[in-house]
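Below is one structure, written out as structure tokens; comments come after it.
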Amino acid sequence: MNIRVTSEDIEHGQMRDPYGCPVARAVRRAGVAHFGVTGMAVMAGEDRQRTMVILPGVAQDWIKAFDYGMPVAPFEFELLLPPELEEKFQKPRVEKTRKAALEPFIPPHRKNLMPAAGTADKDELVLV
Numbered sequence: 036m037n038i039r040v041t042s043e044d045i046e047h048g049q050m051r052d053p054y055g056c057p058v059a060r061a062v063r064r065a066g067v068a069h070f071g072v073t074g075m076a077v078m079a080g081e082d083r084q085r086t087m088v089i090l091p092g093v094a095q096d097w098i099k100a101f102d103y104g105m106p107v108a109p110f111e112f113e114l115l116l117p118p119e120l121e122e123k124f125q126k127p128r129v130e131k132t133r134k135a136a137l138e139p140f141i142p143p144h145r146k147n148l149m150p151a152a153g154t155a156d157k158d159e160l161v162l163v
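Reminder that position 125 of the sequence shown reads as 160 in the numbering used here, one-by-one numbering, no gaps.
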């Protein structure tokens, strides 16, 4: 999973804060639920199941530099999650057209209850 630490993450990140450091912010934005990022790993998972995932060396070095107040720049790295976490935290890739994104979603079982556009009277109450 590609993790991208942005200049905004750096600007708003907190030194020595496992949940608020720039890498923790980027990991969370990528869709991985976690309980904090240390200098060498991220504790990923949910309430009942947690897994320590070792960060690549470039990320470990970057965190050390940030925590010691050294100048850092945006960067990217690959976080290798175990297969069970990869499936759980994989963001679905949904492509929508602009028109489809603006149309309200109506569940299929409710479509037959909706009046055709422009057919409802102003005083008529339509339950959906």
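Where is the CB? At the ideal position from N, CA and C, for every residue including glycine. Quick caveat: nothing in here was measured; it's all calculated off a predicted structure.
Counted within 10 angstroms of its Cβ, other Cβ atoms place residue i as buried (16 or more) or exposed
i      : result
Gly104 : exposed
Ile89  : exposed
Asp82  : exposed
Leu115 : exposed
Val93  : exposed
CA nearest to the CA of residue i, picked from the options
i      : options                           : result
Phe101 : Glu81, Gln49 and Met36            : Gln49
Ile45  : Met36, Asp52 and Cys56            : Cys56
Val40  : Gln95, Pro117 and Phe112          : Phe112
Ser42  : Pro106, Glu119, Pro117 and Pro118 : Pro106
Arg51  : Val67, Gln95 and Met36            : Gln95
Inter-residue CB distance, residue i and residue j (contact presumed, cutoff 8 Å)
i     : j     : result
Ala61 : His69 : So it is not a contact: roughly 11 Å between Cβ atoms.
Leu54 : Gly71 : One detail in the question is off: residue 54 reads as Tyr in this sequence, not Leu. Yes, Tyr54 and Gly71 are in contact; Cβ-Cβ is about 5 Å, under 8 Å.
Ile38 : Ala65 : 5 Å
Residue i versus residue j: straight-line alpha-carbon distance, rounded
i      : j      : result
Arg85  : Phe110 : 26 Å
Ala108 : Val77  : 20 Å
Glu121 : Lys99  : 26 Å
Met87  : His47  : 25 Å
Pro91  : Trp97  : 10 Å
Arg168 : Met36  : The displayed coordinates of the chain run from 36 to 163. Any statement about residue 168 would go beyond what the structure contains.
Pro117 : Val67  : 12 Å
Residue i Cβ short of 8 Å to the ligand PLP heavy atom set
i     : result
Ala59 : Questions concerning the ligand PLP fall outside what the structure shown contains, since it holds no ligand whatsoever.
Return the chain-ordered ranges of every beta strand (DSSP E) run that is complete within the stretch 50-98 and spans a minimum of 3 residues. 69-72, 76-80 and 85-89
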